[in-house]
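Working notes, beginning with the structure itself.
There are 4 protein chains.
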Amino acid sequence: MSTGFFGKLSPIRYEGAASTNPLAYRFYNPDELVLGKRMEEHLRFAVCYWHTFCWQGNDPFGAATFERPWFGDGMSAARMKADVAFEMFSLLGVPYFSFHDLDIRPEGDTFAESAYRLHAMADYFQQKMEETGVGLLWGTANLFSQRRFMTGAATNPDPAVFAYAAATVKHCLDVTHQLKGANYVLWGGREGYETLLNTDLKRELDQYGRFLNLVVEHKHKLGFTGTILIEPKPQEPSKHQYDFDVATVYGFLKRYGLEQEVKVNIEVGHAVLAGHTFEHEVALANALDIFGSIDANRNDYQSGWDTDQFPNNVPEMALAYYYILQGGGFNKGGTNFDSKLRRQSLDPEDLLIGHIGGMDTCARALKSAAKLLEDKSLSAPLEQRYAGWKDAEAQAMLKGERSLEQIAAVVEAQNLNPQPRSGQQELLENIVNRYV
Amino acid sequence: MSTGFFGKLSPIRYEGAASTNPLAYRFYNPDELVLGKRMEEHLRFAVCYWHTFCWQGNDPFGAATFERPWFGDGMSAARMKADVAFEMFSLLGVPYFSFHDLDIRPEGDTFAESAYRLHAMADYFQQKMEETGVGLLWGTANLFSQRRFMTGAATNPDPAVFAYAAATVKHCLDVTHQLKGANYVLWGGREGYETLLNTDLKRELDQYGRFLNLVVEHKHKLGFTGTILIEPKPQEPSKHQYDFDVATVYGFLKRYGLEQEVKVNIEVGHAVLAGHTFEHEVALANALDIFGSIDANRNDYQSGWDTDQFPNNVPEMALAYYYILQGGGFNKGGTNFDSKLRRQSLDPEDLLIGHIGGMDTCARALKSAAKLLEDKSLSAPLEQRYAGWKDAEAQAMLKGERSLEQIAAVVEAQNLNPQPRSGQQELLENIVNRYV
Amino acid sequence: MSTGFFGKLSPIRYEGAASTNPLAYRFYNPDELVLGKRMEEHLRFAVCYWHTFCWQGNDPFGAATFERPWFGDGMSAARMKADVAFEMFSLLGVPYFSFHDLDIRPEGDTFAESAYRLHAMADYFQQKMEETGVGLLWGTANLFSQRRFMTGAATNPDPAVFAYAAATVKHCLDVTHQLKGANYVLWGGREGYETLLNTDLKRELDQYGRFLNLVVEHKHKLGFTGTILIEPKPQEPSKHQYDFDVATVYGFLKRYGLEQEVKVNIEVGHAVLAGHTFEHEVALANALDIFGSIDANRNDYQSGWDTDQFPNNVPEMALAYYYILQGGGFNKGGTNFDSKLRRQSLDPEDLLIGHIGGMDTCARALKSAAKLLEDKSLSAPLEQRYAGWKDAEAQAMLKGERSLEQIAAVVEAQNLNPQPRSGQQELLENIVNRYV
Amino acid sequence: MSTGFFGKLSPIRYEGAASTNPLAYRFYNPDELVLGKRMEEHLRFAVCYWHTFCWQGNDPFGAATFERPWFGDGMSAARMKADVAFEMFSLLGVPYFSFHDLDIRPEGDTFAESAYRLHAMADYFQQKMEETGVGLLWGTANLFSQRRFMTGAATNPDPAVFAYAAATVKHCLDVTHQLKGANYVLWGGREGYETLLNTDLKRELDQYGRFLNLVVEHKHKLGFTGTILIEPKPQEPSKHQYDFDVATVYGFLKRYGLEQEVKVNIEVGHAVLAGHTFEHEVALANALDIFGSIDANRNDYQSGWDTDQFPNNVPEMALAYYYILQGGGFNKGGTNFDSKLRRQSLDPEDLLIGHIGGMDTCARALKSAAKLLEDKSLSAPLEQRYAGWKDAEAQAMLKGERSLEQIAAVVEAQNLNPQPRSGQQELLENIVNRYV
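Quick mapping for you: the protein sequence lines, in order, are chains A, B, C and D.
Okay, so the first sequence: first residue is 1 according to the UniProt record's numbering, each after it adds one.
Okay, so the second sequence: first residue is 1 according to the UniProt record's numbering, each after it adds one.
Okay, so the third sequence: first residue is 1 according to the UniProt record's numbering, each after it adds one.
Okay, so the fourth sequence: first residue is 1 according to the UniProt record's numbering, each after it adds one.
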C-alpha cells in the first residue's frame, strides 16, 4: 500500500535516449547486456538512506529546508521513513540500499535501548526486503554525529568511547549479517584530529588498527561473507582524517596486517578533496588489490568541502568505470549514491529526479567504458608503450637479477642514450572522446 | 682566496636579538646550548647547491633574471661556481651543503663523460670540504630535468631509461659515499604521471620498488652508512607524483619491504601542497618511525605550486621543531634550505640575506620548541588526556585480549554512556603562543 | 548579579608577557598608549553574539556538542542568554559587541511578532549597555538561515522574499540606530547562487543594487551616523557569493553608485577562501577608499571551508594591523571576533580563553605594527623604490600629458634600456621579523 | 611550397562523428549552419603562436623537450617559424591566429631594433595572410618574459619601464592595426606583486589605469576598430595579479572610466584558478556588458597552476557556449587556443591532434548549446522562476519607487510569509545532459 508521499507515480521505466520524460531512464536499462552481463549486475546501484531520508537540508549557515512527514523521534516515524524508502527503491527499481544505524532508528536513552531499536528496525527491513526484492549493499555505524564521538570513536582518548563504538559496530555488523549485506563499511568521520596539539598520533593509529582487527575477527566469528570496507576521506569533519586517501589506507592496512581482509569504498568527492581524480583512486586500489566499492557522488570543483552531488558528467564517470571494468568490475561492491539533493530541491519528485540523473549518467558512462575496453583503444597503445620491458635483460633488472653496478656497466659499455617518445596524451584524450 | 663575488663581506656573526644589522644573526648562535646540545648540532643547517647557485631566475612566464659569472657550460664555470659556493658556506658558517649531480657538473656528450665530470667535481669538492670543514648533508641525482627523463626515470615505460637512471644513481651514491654524505636522497620528480591514459600504475610502482631496492643493495655493498631518504611531494612537475606524502611513501616502503631501510626527507612546501601542515608530516613520520630529514622551505599559501621560499614564520616552524625534538631530534638528517631567492632578488647580498633570515627563523623556532618541550606544557596535558588507557581493561582491549562481543557485553552490563571532555584547543594554542 | 555560568571568575586583567595565568591578558592592556592612542581605542574589540552564544557546536556531520542553560526558544531564554553575554563582555572588558537579529530574539510566528521581540530585546540590551558601558560595534540581520531565504534575500527570484528581507533590515537598522551602533553590516550569505542553471545573474545583481540603495536611503532618513558595511566572502554557504572579495564589492558599489556610502568589513578567513592574504584585502580596501572594519577570525589553511578560528599567529596579524594603521586605523570600525570555539571546547572557561588568546594575538600584533610604522622600516624603502616617479617627465606620463606616440619617441630617441633592481623581498621579510 | 615539417599531410577534413581517423574532424564542419550562421563564424577559432611554435617544452623542473628546426635566434629562424605556422593554420583550416611580439621576432639589441624586426615580420605575415586567407584575431605585447619587466610593466616602480612598455604596446598596436586584427589584448602577466612589503598598491593601480587609457587613446588616434581586451588571471606568474577575475577587471575599468572601451578575454583555466567556473565568468561578463573573447584552454582541476590544456570535456564547454550564445555570440571575439601540448607530446602530428581535439570539443559543445537555447529548455523555466517580478508592486520596489519603510509596512500589513519553491537543480542538470 502506498504511503502517498510520491503521489500517483508509477515505477520509473527505461524509455531510451530520445525520451524527454524527466521521470524516465534514458540510459539505465537493467536488462541490457554490456560485455555479456546485465547492466543491473554491472552497476549494482544502491540508494543511501542517510542523505535521502534523514538529512533535513540544513547547512553550516542554514536551518532545515525539507519538510518530510517522517521527521520526528519515535519508532513510528522510523517505520514511516522505512515505508517511504522502500517505496522509493521500488519506484526507481534499484537492487540495493545502504544505511547507518542512526539513519534507521531513533537513538535510545541507553545503549541497550538503541541496540534494541536497531534490531527491531532490522526485522522491519527484513520483511520489506523480502517483499520488494531490494538487497543491502552495506550497513554501517554512525560513529561521528553524536557528541560522545566528537573526539573520535576508535581513536578517542577515552577508552570508554572506544568500547561504546566497538559495541555499536558489533550490533551493526550483526544486523548487516542478518540482512545479508554484501559489505560492511567503516567511515572514519571523527577518526582524525582537529589539532595535533592535543593528539597522540601514534597511539590513535594503534587504537584504530586494533579496532579494525576486532571488526574483522567478529566478521569471521559470525561467518559474515561480505567485504569489510574503509571509506577514505582526507578531511571534514575532522581537520585531518586518518583515512586520507587510498594510498594512506593501504599503508595503514599493511601496518596492521589487514591488507588481505579490508578493501576500500571510494567516493568521487573524497578523491577530489584529497587532490586526486576519482579514476586515480580506482586505478590505485586496483594496483594495490584493495578495490571494493564506490560512492558515486561528486564534488563541486569550486567548493572546498564535501558537496555530495549526484554525478552528471559522463566523460568523468566513463573513465572511472573504465578502470573499474579493467579491474574486473564489482565483485561484492556496487555503485552507491551517498548523494544529497541540493537543499533547495524541496519536492518529492526531486528525490527521484536526482537519482534518475545519477543512474543515467552512470549507465551511459558504463556503456562508453565497456566499448572503450572492448575496442582496446587505450589498452593496445598502453601495451605497446611498455613493450620494451618484455626484453630478457629488462626482465632481469626488474626481477632483481642485476645490481646497480652491473646495470651501470651495461649503460657505459653500450654508451646508452635513450631517446624520449611522444606520450600522445592529446591523441588518447581524443580517442576517449570518441566513446563519450 | 676570495672570488670577489660577495665583495668585502666578512663572515656572518651572531649579534643577538637587538641587532639591526641585516648581515648578522639575531638568533642563530651555533655554540649556544639548547637542551644540552649545541644549536649547530641540533639544526644541522645545509645550503642546497641547486636553487642557490644554478637556478637562473626563470619561471614559466619569464626568462632568467640572475646574471652570475659562473653561468655557462664548461668545467671551469663549474669550478668557479664551486669556489663561490664554498665561499658562501664559509661566510654563513653552515656545517653542511647538499647537491644534485646536474648542479655541480656540466652534462657530457655521453654517460661516461657525465660520470667522469661528476667524479672530477667530487674530487674538487673533497678538497674544498677539507679546507672549509663543510660537510655533505646529502647528495642526489637529478633524474627529472633532462628530456630523457620526461616520462619518469625508474618508472619510465622504456627500460633503457630505467637503466640510465640506475647507472646515474650508482655514480651519485658512490660520490656521496666518497664525500662522507650523511644521507642520500631520492626525489621522484618525474616518478608519477601526466595522464592515467598512458600509464600502467601497477607496473610503474613495481619498477619503482625494484629501483629503490637496487639503491639499498648498493648502499650496503659500498658500506655507505648514511640514510637513504625519499622526499615526498604530491604533484609538480608531474600531475600526480607517486611519493605523494609521508603516508603514501610509508605504504610504498611496506609494499616493497623497505620500511627499515628508507626514511623520509620532508619539505614544508610539499606538505602544504599535499593538504597537510608540515608538523603533521613530521609527527606522522615519527609515528611510523621513518622520520629522516627536512627541507625547510615554505610555500606561499595562496599559490598552488611549489614556491620554495625561505621560512619566515616562527610560530609555524616552532611547532615543526617541537615534533622533531619530541621524536629525538635529527640523527643523520638536518635542516636543508631547498629555498630559492625570489627572482627579483638580484643582488649577491640577497643570497646571504635569504639564508640569514631562514636560519634565524629556525633558530628562534628551535629555542621556542625546546622550552615548550622542557616545560612539558603540551606533553603533560596530552599524557593526562589519554590517561584512561592505563586502565587494565582498556589495555586488554588494546592488546587484543577482548572480542567485540565481550566489549559489547561490558558496555551493556555497565550501561556505559561516556561523556565528552573539552579538547581545550584554544587553551593549548594560547600556551604555544607563550613560547613564540 | 551574576548568572553563575562562569562560576566565581573575576574580570580578566592584564598581567604582562611573563604571566602564565590562562585567564589573564599578556599583551592586551587597554590603557597602554600606542602611537599616542590607547590600545582599546585602536583595537576596538567586539565579541560577536552569534558564534559565542548561539552556535551549538553542530557541523555538517555532527549534532550539537555544547549544552548551555539558555538554549531554548522562548523570550526568557533570550534574556538569560543576554545576561550571560553581558557578563562575559564585562569579564573580558571588551568595549563592543555585535549581533544578528536572529541571535538575540526567538523567531516569531509572524513577521510582526519577530519584529516585536527584536525591539523588546533591544530595550533589554539598551539597559544592559548602560549598566556595563559596552557599546554596539554593529548590528545586522540574519537573512540566510531560515528556509525562506534559501534562494537569497535581496537576490531572491520571489519579490515577496525581497520585501520580507527589506522589512527585516528596516527593523534591524532601526534597532542598531537606537543602540547607537557604530556600523550596520550586511553579509550576503545567500546572495549568490547554487547553480547558474536557475540563476539570472544580471537581474539578481540589479535587485541587490536596489536593496543596498534602500538601506542607504533609510540610514539617511533615520539620521543614523554609522557606516554601512558589506562583508565580502567568495563562497559558502552559496557555491558562488556575489560579494566575492574586496575588488568585487568595489565594482558592485561603483555600478550602483554606492562607493561613497558603503565600506567593507573584511574577515581574515574569507580573504583566505578567496585566494588572498588578509593584508591584501585590507591594503586594497585602503587603496580603493572603502576600508571599514574587520572580523579577526582566521581559517585553517588546510580546510576549504570557513573555520572561524580565533587568531593565533602574531606575524600574520601584525601585517594586517600594519596596513590598517597605515590607512589611518579604525574610524567607526573595529576588531570583531566572529570566531567560534572548536566544537570540542565545551567548558565555559573555553569561551573566555578563546577570546583572551585572540585579543592577546591582536594586541601583540598591533604593537609590532605600530613600531614598524614608527620606524619607517618598510615605508622608507618603499618611498625610495618609487622615487623615479617624482621626475617631471614621469609625472607628465602619469597625468595624461603624454601620448603613446610621444612616449615611444622618447624611448627610441634615448635608446632606453631600463635595468631591473633587486626587489629585496627576503630583506624586507627579515625586517618584519625584527618586529614580531 | 611546403616546409616539410608536417610530412605529406593533407588538410584536415570533416568526416563526421563516426570517423576514427585521428587526423579528421568529427564535429567541426565550418560550413554547417547553427542557429542560421556558419559554424566557422560562430566559433571563430584562432591558433596562438606562442605555445604552439615558441614554447620548447620546459617546465620549472625540466629543460626543453621539443626539438623544432626553427628554434634559434635570427630572423631567418623567425621566418621559418612563420612558414610552418601558416602551413599549420592552412592544414587545420582555422580562420584566425594570434601572437605576442616576442613570439614572432627575435629581441633586438636595442628597442629600435626590436621594433624594426617586429615591423619586418608583420610585413612577412601580411603577405602570408593574403596568400592563405588567415586573419588575425588579436595581437599583443609580451610584457612579462624579459627581465626588465620582472617587477611589472605598467605597474613598475621605475617609470622608464612604464615608458618602455608603453612604447612596446604602441608598435604592437600599430602592427595589429596593419594586420587588421579584430582585437588587441593586454595580459597583465607581471602587473601584480610578489610581496605587498615592497608594493604600493594604490600607486600601481593608478599607473595601470593611465597605461590602459594611453592604449585606448592611441587606438582612437589610429582609427583601429578592433576591441581592446584585458585577460583576467588571479595569480601566476605573480603571487597576485591585478586583473584577478572578471569582477575585478570590471571594478578597475569603472574606476578609470574605461568600461565602455575595454572588454575581457576570458580563459577557462584562469577562471578555475580564480575559484570560478568558466561559464560563471562568461555569464558575469555578459551581465556587466564587457564580454569580449575567450581562450579555450582548460586547467587540470588537480593542479594549482596554469596547465593550458586543450579542451576535452564537452559538457563543460557546452555550458560556456550556451552563455556565449545567450549573450549574442562573438562579435569581434573568437575562440582562441592558448593551449600548449603536453611536454611529452613531441611529434609534429601531436600539434595537429591537439587542435583537432580542441576544435571538435568546441564544435560539439556549440551544437549542444545552440539546441539547448533553441528549445528554451533552460530559459523557459528561468523566465518562469522570476515571473513574480513582473508584478507592478515588485517593479515599483525595483525601480526605487518604494522606501524601506513602505515595504516594511506592506509586509506587516499583509502578514507576508513567503514560501520557498524548489530550485530544481537536479532536474535542470538532467535536462542539460539531454543535450550533451
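We put the CB at the ideal spot given by N, CA and C, even for glycine.
Owing to the predicted nature of the structure, the values given are computational and were not obtained by experimental measurement.
Query                                                                                                                                                                          : Result
According to DSSP, simplified to helix, strand and coil, what is G388/B?                                                                                                       : helix
Does any residue of chain D bring its CB to less than 8 Å from the CB of R342/A?                                                                                               : yes
Going by beta carbon distance, what residues of the same chain come within less than 7 Å of G327/D, once the five residues before and after it are set aside?                  : N286 and F291
Would you identify the three-state DSSP class for Y242/A, choosing helix, strand or coil?                                                                                      : coil
Confirm, please, whether the CB-CB distance from A166/D to L404/C is below 8 Å.                                                                                                : yes
I'd like to know whether the C-beta of Y435/A is nearer than 8 Å to at least one C-beta of chain D.                                                                            : no
Give, in chain order, every unbroken run of the alpha helix (DSSP H) that is at least 4 residues long and sits entirely within the region 120-191 of chain B.                  : 159-178
In chain order, what residues of the same chain have a beta carbon less than 6 Å from the beta carbon of E32/B, not counting five sequence neighbours either side?             : M39
In the region 301-322 of chain C, which residues sit with their C-beta less than 8 Å from some C-beta in chain B, listed in chain order?                                       : Y301, Q302, F310, N312, N313, V314, P315 and E316
Please name the residue or residues paired with V34/B in a DSSP beta bridge.                                                                                                   : K37/B
Could you please tell me which residues of the region 352-369 of chain A, in chain order, have their CB closer than 8 Å to any CB of chain D?                                  : I353, G354, I356, G357, D360 and T361
Tell me which residues share the same chain as V216/D and place their Cβ nearer than 8 Å to its Cβ, disregarding the 5 neighbours each side in the sequence.                   : I228, L258, E261 and V262
Select from the region 62-80 of chain C all residues with a C-beta closer than 8 Å to any C-beta belonging to chain A, and list them in chain order.                           : G62, A63, A64 and T65
Using a Cβ-Cβ cutoff of 9 Å, what residues of the region 111-137 of chain A are near chain B? List them in chain order.                                                        : F111, A112 and A115
In the DSSP assignment, the beta strand (DSSP E) including C48/A goes from what residue to what residue?                                                                       : F45 to C48
Taking Cβ-Cβ distances shorter than 8 Å, what residues in chain B pair up with S339/D?                                                                                         : Near S339/D there are no residues of chain B at all, since even the closest Cβ is about 14 Å away, more than 8 Å.
Mind checking which residues open and close the beta strand (DSSP E) that includes Y96/C?                                                                                      : Y96 to H100
Report the neighbours of L372/B on chain C: residues whose CB is nearer than 9 Å to its CB, in chain order.                                                                    : Ordered by position in chain C, no residue passes the 9 Å Cβ test against L372/B, which lies about 13 Å from the chain.
Smallest Cα separation from D375/C: which of I12/B, T3/B, T20/B and Y14/B?                                                                                                     : T20/B
For D200/D, return the contacting residues in chain C, with the cut-off set at a CB-CB distance below 7 Å.                                                                     : L382 and Y386
Could you tell me which of F66/C, M150/C and N213/C sits nearest to M397/D, measuring between CA atoms?                                                                        : N213/C
If we require 4 or more residues per run, which alpha helix (DSSP H) segments fall completely within the region 340-412 of chain D?                                            : 348-374, 379-385 and 392-398
When the cut-off is 8 Å and only beta carbons count, does F211/D lie next to chain B?                                                                                          : no
Name the chain E residues whose beta carbon is nearer than 9 Å to that of G16/B?                                                                                               : No chain E appears in this structure, whose protein chains are A, B, C and D.
Taking all protein chains shown into account, do 16 or more other C-beta atoms lie within 10 angstroms of the C-beta of H355/B, making it buried, or fewer, making it exposed? : buried
Based on DSSP bridge pairs, tell me the residues matched to D59/A.                                                                                                             : G62/A
Note down, in chain order, every chain D residue with its Cβ under 9 Å from the Cβ of D375/C.                                                                                  : Within chain D, no residue comes near D375/C; the closest Cβ sits about 14 Å away, beyond 9 Å.
Please identify, using Cβ separations under 9 Å, the residues of the region 398-429 of chain A that lie next to chain D, in order along the chain.                             : P420, R421, S422, G423, Q424, Q425, E426, L427 and E429
Using a Cβ-Cβ cutoff of less than 7 Å, which residues in the same chain neighbour V169/B once the five nearest sequence positions on both sides are dropped?                   : A141 and V215
May I ask you to list, following chain order, the residues of the region 76-108 of chain D that have a beta carbon less than 9 Å from some beta carbon of chain C?             : none
Quick check on the DSSP output: the alpha helix (DSSP H) that includes S293/D runs from which residue to which?                                                                : Per DSSP, S293/D belongs to no alpha helix (DSSP H); it is in the beta strand (DSSP E), F291 to D295.
Alpha carbon to alpha carbon, what distance is there between P420/C and Q146/D?                                                                                                : 10 Å
From which residue to which residue does the beta strand (DSSP E) around V262/A run?                                                                                           : V262 to E267
Across which residues does DSSP place L229/D in a beta bridge pair?                                                                                                            : V185/D and K263/D
So which of V432/B, N58/B, R26/B and A78/B has the shortest CA-CA distance to Y49/B?                                                                                           : A78/B
In whole angstroms, what separates the C-alpha of F6/B from that of T65/B?                                                                                                     : 18 Å
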